[in-house]
Amino acid sequence: MRRGIVRAALAALLFGASTPFAAQIARETNPFTLAGLLYLGAAIAVLPGTVTRRPDPAALRRGAGRLAVAVVVGGAAGPVLLALGLQHASAANASLLLNLELVFTVALAALVFREHIGPRVATGAVLVGAASLILTGPGATAGLRLGAVLIAAACVCWAIDNSVTAELDELAPAHITFAKGLVAGTANTVIGLLAAPAPAPPVVGAALLIGALGYGLSITLWVAGARDLGAARAQVVFATAPFLGAVVAWTVLAEPVRVPTVIALVVAAIGVALVSGSDHVHAHAHDATVHDHEHVHDDDHHDHTHEDGFTGRHQHPHEHGTVRHSHPHVPDLHHRHVH
145 MRRGIVRAAL AALLFGASTP FAAQIARETN PFTLAGLLYL GAAIAVLPGT VTRRPDPAAL
205 RRGAGRLAVA VVVGGAAGPV LLALGLQHAS AANASLLLNL ELVFTVALAA LVFREHIGPR
265 VATGAVLVGA ASLILTGPGA TAGLRLGAVL IAAACVCWAI DNSVTAELDE LAPAHITFAK
325 GLVAGTANTV IGLLAAPAPA PPVVGAALLI GALGYGLSIT LWVAGARDLG AARAQVVFAT
385 APFLGAVVAW TVLAEPVRVP TVIALVVAAI GVALVSGSDH VHAHAHDATV HDHEHVHDDD
445 HHDHTHEDGF TGRHQHPHEH GTVRHSHPHV PDLHHRHVH
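Take the sequence shown: its letters are residues 145 to 483, numbered as in our numbering.
Following this line, the structure appears as structure tokens:
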């Protein structure tokens with residue numbers, strides 16, 4: 145669980161720091177072009193890992209349906225909606241409104257994908273949602289509210305993406321990020337360039353760099369963390385990203401600090417803190433399966449052997465037999481069972 149929290153937190157750090165800078169160039173760039181460049185940057189960031197370790201064709205076929213959903217909904221639609229929303233909200237407010245992704249992810253994970261949530265995660269999600277409502281309450285401008293609606297729609301897209309990719313265990317996280325970046329990024333960039341003139345070279349370079357760090361490395365880390373924690377818990381940890389974005393907006397971009405924003409930050413921080421210690425224990429069964437993810441051989445799940453005797457943390461396609469046991473767990477790749 146701890147490794148998953150660290151990965152999700154690093155993903156949040158990269159994404160949170162990148163959002164204010166994306167907001168800075170959103171007002172001078174076509175939203176399709178900006179969304180496309182961000183995800184092309186993501187594809188570039190994970191290209192080395194994708195080339196050195198190519199996906200297994202059989203695994204690609206098995207996961208094609210879920211991967212397509214991630215590419216279209218999370219890689220194409222979500223970024224365009226975010227780019228539109230950034231045109232109507234300040235960098236700090238836009239960052240904190242992205243916490244709605246947590247609320248929608250927890251709801252989908254619980255109601256649609258039957259992921260075990262528990263009272264701590266549910267309470268944390270409610271607090272984070274309440275923090276977002278503080279930002280758009282009395283005193284908010286019409287522009288901010290329009291931006292909030294667009295960002296909320298982007299968060300719905302990413303919630304669907306999160307729940308799908310957390311269970312997409314046939315492919316490595318870098319493969320998922322590369323597919324989303326290459327396919328969705330190219331499509332959105334072409335649409336944007338057909339609709340409006342190309343942005344200036346410095347803007348293109350900035351968008352690609354933001355995409356490489358804030359989306360490429362961030363998405364890859366998030367998927368890996370979600371496999372260790374489950375989509376809902378990983379998203380609660382990732383919800384620290386908007387706070388980092390707000391801090392960057394205040395300190396680096398010199399945006400004014402507003403009282404509602406500070407109150408929202410404190411309320412949401414309490415909600416995020418509740419995710420730790422949300423594991424549980426009961427007897428559960430595992431069906432036989434074959435998948436590909438990082439693992440070690442001392443976790444009661446991976447008892448296969450290697451010819452060279454290696455037992456450290458590594459990744460490769462492997463299979464599991466049927467087993468029934470009891471131990472503390474969260475809804476990671478091996479614990480998607482219904483309660």
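Built from N, CA and C at the ideal position, the CB exists for glycine as well.
N- and C-terminal bounds of the alpha helix (DSSP H) containing L361: Taken as a continuous stretch (DSSP letters only), L361 belongs to no alpha helix (DSSP H), as it is neither H nor E.
Residue from G358, A208, L357 whose Cα sits closest to the Cα of L312: Closest by alpha carbon: A208.
Is the CB-CB distance between K324 and V213 below 8 Å? K324 places its beta carbon 8 Å or farther from that of V213.
Determine the DSSP secondary structure at E311, reduced to helix, strand or coil. Note: E311 maps to coil in three-state DSSP.
Using alpha carbons as the reference points, say which of T405, A417, G360 lies closest to G486. Absent from the model: residue 486. The displayed extent of the chain is 145 to 483, so no value can be given.
From A155 to L182, what distance separates their C-alpha atoms? 15 Å
Since L409 and L240 are thought to touch, with beta carbons under 8 Å apart, how far apart are those beta carbons, to the nearest angstrom? 7 Å
Given G291, which residues of its chain have a CB within under 6 Å of its CB, disregarding the five upstream and five downstream residues? G229, H232, A233
Neighbourhood of H424 by C-beta distance below 6 Å, restricted to the same chain and skipping five residues each side: Low confidence applies to H424: its pLDDT is 47, below 50, so where it sits in the model is not reliable enough to give any reading.
Relative to the alpha-carbon of A253, which residue among V391, G349, A370 has its alpha-carbon at the smallest distance? A370
From E172 to E463, what does the alpha carbon distance come to, in whole angstroms? 50 Å
Skipping 5 residues on each side, what residues in its chain have a beta carbon closer than 6 Å to that of F159? G358, S362, A385
Starting from the C-beta of A303, find all residues in its chain whose C-beta is less than 7 Å away, skip the five residues before and the five after it, and write them out in chain order. Same-chain partners within the cutoff: E245, F248, T249, L252.
So L418 packs on L315, CB below 8 Å; how close in whole Å? L418 to L315, Cβ: 31 Å. No contact.
Note down the Cα distance separating P336 from T177, rounded to an integer number of angstroms. Checking the sequence, you will find Gly at residue 336 rather than Pro. In this structure, the CA atom of G336 is about 4 Å from the CA atom of T177.
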